Every structure is written in C-alpha cells, then in structure tokens.
Amino acid sequence: MNQDRVLAGVAVLGGVALGAADFALQKLLPYPWANLANSAAVWAVAAFALGYRVRGSAARAAVAATVLLVIAVPSYYLTAVLVQHDDLASVWGPASLLWMFFGVLAGILFGIAGRWTRLPNWRGYVGIGLPGAVLFAEAARLLRRDLAATAAIEAALGVLVIAAAGRTWRQRAVGLAVAVPLALLGYLGYQTGGMA
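Under the working numbering, think of the first position of the sequence shown as 53, with each following residue one higher.
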C-alpha cells in the first residue's frame, strides 16, 4: 500500500514536472533542442521510463504511466497560462482533452512496454524496441517536414534508449531490429492521423 502511494506521488509530480518543463524548455532552448522539448515521442519515452521503474504488474505500470501523461497535459497548459497569460480555459479546452486522451493510450502502451523489458520472451523484445520505434517514427516525420537536426537527435535518442533498456547485446540487437517495423507502423499512424 505504501509503495502504491509513492508510485502515485511520483506519477503525479512527474506529470506536473513534465508538462511544465516541456513548455519552459520550448521557450529557453535554441533550435533544434526546443523542438525536442515538445516531442510527443519524448513524452512517450517518459511514460516508458516510469513503466520500466515500476515493480509489480504491467497493469500497475500502465496506470502510473497514464497518470504521468494525463497530468502533464494540464500542467503544460497551466504553465502557458502562468508564463504567457494564455486563457485559463485552455487547461480543460478541446486540445487539452484530446492530448489527455492520447496520454491515456500512450500511457497504457508505453507503461506496459517498460514493464515488459524484463521478460525473457518476445514481449521483452517489443518492450525494448518500442521506445526507440516511437522516436524513429517521429524522426521520419520530422525529416519529411525538413527538420533534419531534430530528426537526427531523435534517431540517436532512439538508439540510446534501446541500448539503455536492453541488458545484453543480444537484447539490444533484437530490440533494434523489432523497432524498425514498429517505427514504420508508427509513421503510418502519423500519416493516418494527418500528423505527418
């Protein structure tokens, strides 16, 4: 029970920090780093990282990662209200609600993937490959939009996160191989959603 309270606190405070840091870093960092600060793929990797750290069930990891992302969205918009005097209604407006919905989907998917990395089967390889795949997919999208510098950073981060998630060279190699078709699916998802 105490572990659940700690996890809930980490998820809520992490969400507040993620949303506020995203907004602040967009304003403070130069290109291409500012683009990276507001990356949906980076948010997904944050959910993965929390799921990776969770002990217990995949469901527990999914809930924690979902709370992280859902809290991060209004935190982002509230920071915009405080810093640049945006309309307070943006905190619960349609864009915020849409991003919270995506946060639920990504939190479940990437929270579970983080937890799966410890499994010695195909799910473990998917878990290791998925955070790299989302970065690769977004990098391809950015290349198409002529944002090559940010795309290169995201591709490099994709390789690094796979290397960090895998515990052996075999896991890393298979995770990287799994990430390629997953990235293609992610890129097609971006195109289907009109975001490519």
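Ideal Cβ placement from N, Cα and C applies to all residues, glycine included. Source: prediction; values computed, not measured.
In the displayed model, residue 62 falls within a helix according to three-state DSSP. The beta-carbon distance between residue 239 and residue 193, rounded to whole angstroms, is 6 Å. This is short enough to meet the 8 Å contact definition.
Proximity to residue 97 across 162, 105 and 85 peaks at 162, based on C-alpha coordinates. Residue 224: member of the alpha helix (DSSP H) spanning 221-244, first to last residue. The beta carbon of residue 218 is closer than 7 Å to those of 180, 224 and 227 in its chain, skipping five residues each way along the sequence. The beta carbon of residue 206 is closer than 6 Å to those of 187, 190 and 191 in its chain, skipping five residues each way along the sequence.
In this structure residue 116 is in contact with residue 59, their Cβ atoms being roughly 5 Å apart against a cut-off of 8 Å.
The straight-line gap separating the alpha-carbon atoms of residue 143 and residue 86 is approximately 22 Å.
Going by C-alpha positions, residue 203 is about 10 Å away from residue 209. Of the candidates 170, 82 and 131, the residue whose Cα lies closest to the Cα of residue 220 is 170. Residue 108: not part of any alpha helix (DSSP H); DSSP gives it neither H nor E.
The C-alpha of residue 185 is placed about 6 Å away from the C-alpha of residue 232.
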